[in-house]
Amino acid sequence: MTNSIEEILNTDAMFVIGSNTTENHPIIGATMKRAKKRGAKLIVADPRRIELAEYADVFLQIKPGTNIALLNGMMHVIIEKGLQDKEYIEKNTENYEELVKVVKEYTPERVAKICGVKAEDIIKAATIYGEAEKAGIYYTMGVTQHTTGTSGVMSISNLALLCGNIGKESAGVNPLRGQNNVQGACDMGGLPSDYPGYQKVFNEEAAQKFEEAWKVKLSRKPGLTVSEMLHEAEEGNIKFMYIMGENPMVSDPDINHVKKALSNLDFLVVQDIFFTETCELADVVLPAASFAEKDGTFTNTERRIQRVRKAIEPVGESKADWKILADLMNLLGYKARYLNPSDIMDEIARLTPSYGGIDYKRLENRMGIQWPCPNKEHPGTKYLHQNSIARGKGLFMPAEHMDSAELPDKDYPFVLTTGRILYHYHTRTMTGRVEGLNKKAANNYVEINEVTAEKLGIKDGDMVRLISRRGEVEVAARITDIIGEGVLFMPFHFAEGAANYLTNTALDPIAKIPELKVAAVKLEKIS
Amino acid sequence: MVQLTINGIKYEVEKNKTILEACRDLGIDIPTLCHDDRLEAFGACRMCLVEVESSKNLVVSCSTKVRDGMVIYTDSPKVINARRDVLDLLLSNHPMECLTCEKSGNCKLQNYAYEYGLVDGSYKGEKRNRSIDDSNPFYYYDPNKCIICGLCVRVCNELQGTNAIGFADRGFDSIVATPFYQGLEKSKCVSCGNCVSVCPVGALTPKSRTKFRYWETKKVRTTCSYCGVGCQMDLLVKDNEVVGVEPAFDGFNKGLLCVKGKFGYKFINHPDRLKKPLIKKNGEFVEASWDEAYRLIVSKIKETKEKYGPEAFGGLTSARCTNEENYLFQKLFRAVIGTNNIDHCARL
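For the protein sequence lines, the chains are D and G, in the order given. So for the first sequence, the numbering used here puts the first residue at -19; every next one is plus one. So for the second sequence, the numbering used here puts the first residue at 95; every next one is plus one.
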């Protein structure tokens, strides 16, 4: 998030797109509802009539995969009505003319057809966003998990720049991160091209800095992403994989492919707190301690670094992940002398400019610290780009609407989209072991529009078969009117009848994110 | 700023504060049952009564603003007696089940009864007699223990925005309930448990797997391990087990959690937890020592690196692990194994 969660309370308008906030980020969802009560306007765009839609001033029930068209349409209206922030554009941005040229073609009427919504609602949404003094955009995987995911994010940034909503309190571009420390894992260099703090592995200066600190020679060659690794494993080029606290046998697209790839490895190490579906394929499984059994830090979606504290001793013979990793480094002949995670953080701070001022003593302040925090005197950063945009000027990156990699056709006539639900977390490794949560959401299901169900003779609770070009699953039907007629929704949490047997591995060419939000499927009643 | 005299001592405090806020800022204790800084003042419990010179009646300090020259007594005999009357009325309509009540030791009513020296209510007569709602899988609602402070209703409405519960009926019959008394499970309740976290008595209590007394536990402040919001919370620990979770009121989440944060902790001490390293031998997993597992991994790493080079390795680090662990993981791969083939499920 460029901005902070508490700032939502004082915003004038919220634009929630591709995020079921009240279920996936409940505390942010509750904050949005409070902001609405205090007078903020709310725009919601989603293929499903989610809870927030009930509170919205405008709800745009768009077809999956049409975010860019919608955003361009809104920008078209904003420019047409002269609601853009001309002074901000002049002072702080580049490439505005190109944006004007691209969005010119996106008339509300044309966009309405692409997205499957009313033109007047697009105009209304654009007007609310354009007229607001401070407007924040909040989005999640509904925007990113497309072959056009990067362009989708760029289009959000275009809209925010157009109205001067970057570098302002209670505004901004705010991706809500799904997992407790996905922000931190990225910050710490858990990415194929990045050292901690997004310093590039192919940048000579950065590589030399880490070579000096770590006292080894380092590769300048960017590594492989998850999807590429699995592909290379299937091809026989990756021989050894080490998977820590992940369960790709449920979470990754096209599970049949994942299984083939992991089975083809010479050696697989899986480190986890439970015996997951992925453990089945391992050669060695290492028992890890849970978050309650170790010290450390997580970085939340608003860049806030906060402490994790050891409450109990590790269960059984399990060990904290950091201890296992340090043990292995030492056994491989590389000195890793850390007495505790605080020592590791000190090393992180020395090498990561945005974490430069972080240490455990400072984190005792109860509120944590938001990066960038370059030095020990720096209080942290509530919202980004306050005085000037980080790269100098905000660059408009206009993008055209493009169809999803797989569109419904006569053989696979429905669009399947996936997501999370309130009562489960990722692959249910943890929540599947909490009785009450299982009681609330016991089984997998697919949401089917009531009209579609009627046509196919499917009743609520009937077992149905979903078939895509990659696999098929059997799940219970949940008949509902919150989803459009041509669209089906499945939560991806469940291993049994997992949605990811069906999903498409087609990738966004830049971010390499798979198109989990759009797969063409057929639907059959099991008689 | 305004001048106040509280219990004979002169103070200068900010304008626009309530008497309660001013006193709390100054470290002067005033008891409350229905007050919560995050909510609109409610003035229902009347425990926060104070005496103000020139005012005929005692005033409710939570909803009375300070005025220049006010002379306030927070512990005069008149005030103490009034508070004892409030407690007496509450206790007279309260089941005296402290011996078995889960809330014992962490109950404001019990604490105030102790502080003000009340053994039981003196008004004998009918007590509320309603059935317990145990339909929600995470918590009980015992209306008989409810003191109608309204904190649960207001948190559900004002902060959580779910509006699952409200007040029903009037006077002695007044009660917190779901619409049409349909019960919690059939209501709009999303089981966030934010009502449970604010209930000052034993009316809303978590269903716990383990029996424990509050005084047997220690609290450990940590960060929730579910979504990316990163709510702050206290783990309640008894022996080597996490037996409950309470939201942090001084974290940015200001006392709120969701169903997973509040009640989703039971995986921690679950019997399914992996407790020993496992090595696959002839297609079957067998338990192994750490030494054996480490030796095997190290020899395989060396063998693979020698035969195929560092690019034959791939590592998935974890969005569930700490920053320090993610840092070490990429360091292991980059500095020790020699490849940048590191990723995690940020995109999934």
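Even for Gly, the Cβ is constructed at its ideal location relative to N, Cα and C. Here the structure is a predicted model, which is why all the values come from computation and not from measurement.
What is the DSSP secondary structure of residue i, reduced to helix, strand or coil?
| i | result |
| --- | --- |
| residue 197/G | coil |
| residue 328/G | strand |
| residue 159/D | coil |
| residue 366/D | coil |
| residue 360/G | helix |
| residue 209/D | helix |
| residue 367/G | coil |
| residue 389/D | coil |
| residue 227/G | strand |
| residue 28/D | strand |
| residue 111/G | coil |
| residue 91/D | helix |
| residue 105/G | strand |
| residue 326/D | helix |
| residue 248/G | helix |
| residue 321/D | helix |
What is the residue span of the beta strand (DSSP E) that residue i lies within?
| i | result |
| --- | --- |
| residue 252/D | 247 to 252 |
| residue 381/G | 378 to 381 |
| residue 298/G | 298 to 300 |
| residue 242/D | From DSSP, residue 242/D is part of no beta strand (DSSP E) but of the alpha helix (DSSP H) over 235 to 243. |
| residue 76/D | Segment 76 to 84 is the alpha helix (DSSP H) holding residue 76/D; no beta strand (DSSP E) there. |
| residue 459/G | Because chain G is modelled from 95 through 442, residue 459/G falls outside the range shown and cannot be assessed. |
Find the nearest neighbour of residue i within the set the options, judged by alpha-carbon distance.
| i | options | result |
| --- | --- | --- |
| residue 229/G | 441/G, 308/G and 301/G | 301/G |
| residue 343/G | 414/G, 104/G, 131/G and 97/G | 131/G |
| residue 249/G | 108/G, 282/G and 287/G | 287/G |
| residue 279/D | 221/D, 360/D and 197/D | 360/D |
| residue 436/D | 506/D, 36/D and 96/D | 506/D |
| residue 417/G | 298/D, 340/D and 291/D | 340/D |
| residue 360/G | 410/D, 362/D, 391/D and 403/D | 410/D |
| residue 44/D | 186/D, 128/D and 440/D | 128/D |
| residue 304/G | 209/G, 336/G and 328/G | 336/G |
| residue 60/D | 378/D, 81/D, 403/D and 486/D | 81/D |
| residue 75/D | 141/D, 48/D and 21/D | 141/D |
If you count every other CB in all the chains shown that lies within 10 Å of the CB of residue i, and 16 or more means buried, which is it?
| i | result |
| --- | --- |
| residue 388/G | buried |
| residue 490/D | exposed |
| residue 168/D | buried |
| residue 307/G | exposed |
| residue 419/G | buried |
| residue 264/G | exposed |
| residue 204/G | buried |
| residue 273/G | exposed |
| residue 449/D | exposed |
| residue 309/G | exposed |
| residue 320/G | buried |
| residue 349/D | buried |
| residue 151/G | exposed |
How about residue i and residue j: are their beta carbons less than 8 Å apart?
| i | j | result |
| --- | --- | --- |
| residue 171/D | residue 437/G | yes |
| residue 413/G | residue 162/D | yes |
| residue 124/D | residue 493/D | yes |
| residue 141/G | residue 158/G | no |
| residue 503/D | residue 358/G | no |
| residue 230/D | residue 475/D | yes |
| residue 218/G | residue 189/G | no |
| residue 406/G | residue 314/D | no |
| residue 408/G | residue 221/D | yes |
| residue 590/D | residue -8/D | The structure shown does not extend to residue 590/D, since chain D spans only -19 to 507, so no value can be given for it. |
Check for me: the alpha helix (DSSP H) holding residue i runs from which residue to which?
| i | result |
| --- | --- |
| residue 415/D | 415 to 420 |
| residue 122/D | 121 to 124 |
| residue 198/D | Where residue 198/D is concerned, there is no enclosing alpha helix (DSSP H), given that its DSSP letter is neither H nor E. |
| residue 286/D | Here residue 286/D belongs to no alpha helix (DSSP H); instead the beta strand (DSSP E) covers 284 to 288. |
| residue 14/D | 6 to 17 |
| residue 177/G | 171 to 186 |
| residue 388/G | 384 to 402 |
| residue 187/D | 184 to 194 |
| residue 54/D | 47 to 60 |
| residue 205/G | 202 to 210 |
Can you determine whether any heavy atom of the ligand GTP sits closer than 7 Å to the C-beta of residue i, and answer yes or no?
| i | result |
| --- | --- |
| residue 179/G | What this structure holds is no ligand at all, so the ligand GTP is not there to describe. |
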